[in-house]
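Reading the sequence shown from the start, the letters are residues -19 to 236 in the numbering used here.
The next block holds one structure in the form of structure tokens; read it before the comments.
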Amino acid sequence: MDDFGHRPGAALVLGASGGLGQATARMLLERGSHVGLTYFRSAGKLDPLFTFAKEQERRARSWRLDLTDAERAAEVVAQAAAEFGGIHTLVYAAGPHIPMRHLSRISPSDFRSQLLDDAAGFFNAVHAALPYLRETGGNIVAVTTAATARFPIRDGLSSGPKAAVEALIRGIAAEEGRFGIRANCVGPGMTTDGMAERLISSGELDQHALDITRANIPLRRFGNAEDIAEAVCFLASDRADFISGQKLDIDGGYGV
């Protein structure tokens, strides 16, 4: 499948060192795109992607990026556009580990910090990328959460800021469509990779909680990173060229 070989420039994957970001970047390479990759701490996790890019005869380059730094975000976006001759897709798959807490136990300062890290960080990158996406008639895909459709207890620190990202995506779709830009979201449910994997490994989701969660999913199983990457790549491709301002939940039916 060669969805992106004809596209000018590259896909820029924000948060490419995470489980979902890695899977998405790999699938983009597999389907014909060059990729720009950003990471916050774990540069070494990108090594397999560089190896895979060479195997696919595609180019990949990485940048360290703290998305809360608007100036640095603008620098990285500009460098990626210059390196690859444009940006055809911006994928937002960044996000720190977020502990599961009841809303009553989240301090206002912690919630404010998460809004800055997530919603404001997303806006910093999008604001910088829009001029380049206008040039290519490109698109944005933000990885958010299925929890904005059906709220899981103790998930407010994640779903609140992600809801702000989703609102921004709808706004971009409404305002930037005249330039040919599409903007959409993918909402992961419980997966064995990414944030859910960290919650499981940290013990914040014990076996009892996992059993309850699985019982709330009509398919009675968890997804994986490839499920999310497939949705991202579909929305970024020409096969979705009349889809904009939408959210596709990949949750095994959790939101039903």
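No residue lacks a Cβ here, since even glycine has one placed at the ideal position from N, Cα and C.
Computed from a predicted structure; not experimentally measured.
Within 8 Å, strictly: CB atoms of residue 67 and residue 112: As a working note, residue 67 is residue 87 in the sequence shown. As a working note, residue 112 is residue 132 in the sequence shown. Yes, Cβ-Cβ distance for residue 67 and residue 112 is below 8 Å.
Residues that DSSP places opposite residue 120 in a beta bridge: The residue labelled residue 120 in the question sits at position 140 within the sequence shown. Bridge partners of residue 120: 70 and 163.
Where residue 187 falls, given that 16 or more other Cβ within 10 Å makes a residue buried: Residue 187 sits at position 207 when you count from the first residue of the sequence shown. Exposed.
Whether residue 196 touches residue 171 by CB criterion (8 Å): To locate residue 196, count along the sequence shown from 1; it is residue 216. To locate residue 171, count along the sequence shown from 1; it is residue 191. In this structure, residue 171 does not lie closer than 8 Å to residue 196 by Cβ.
Assigned secondary structure, residue 188 (DSSP; H/G/I helix, E/B strand, else coil): Counted from its first residue, the sequence shown places residue 188 at position 208. It is helical.
CB contact flag (residue 165, residue 126, <8 Å): Counted from its first residue, the sequence shown places residue 165 at position 185. Counted from its first residue, the sequence shown places residue 126 at position 146. Contact: no.
Cβ-Cβ separation, residue 105 to residue 47 (assumed contact under 8 Å), whole Å: Here the question's residue 47 lines up with position 67 in the sequence shown. Here the question's residue 105 lines up with position 125 in the sequence shown. Confirmed, Cβ separation roughly 6 Å.
Counterpart residues of residue 168 in DSSP-defined beta bridges: Stepping through the sequence shown from its first residue, residue 168 is reached at position 188. Partner(s): 230.
Distance between residue 109 and residue 70 (C-alpha atoms, nearest Å): Here residue 70 corresponds to residue number 90 of the sequence shown, with the count starting at 1. Here residue 109 corresponds to residue number 129 of the sequence shown, with the count starting at 1. Cα to Cα, residue 70 sits roughly 8 Å from residue 109.
In DSSP terms, what residue 44 is bridged to: On the sequence shown, position 64 is the one that residue 44 refers to. Per DSSP, 19.
Cβ separation of residue 23 and residue 44, assumed to be a contact under 8 Å, to the nearest whole Å: For this step, residue 23 is matched to residue 43 along the sequence shown. For this step, residue 44 is matched to residue 64 along the sequence shown. About 7 Å; that satisfies the 8 Å criterion.
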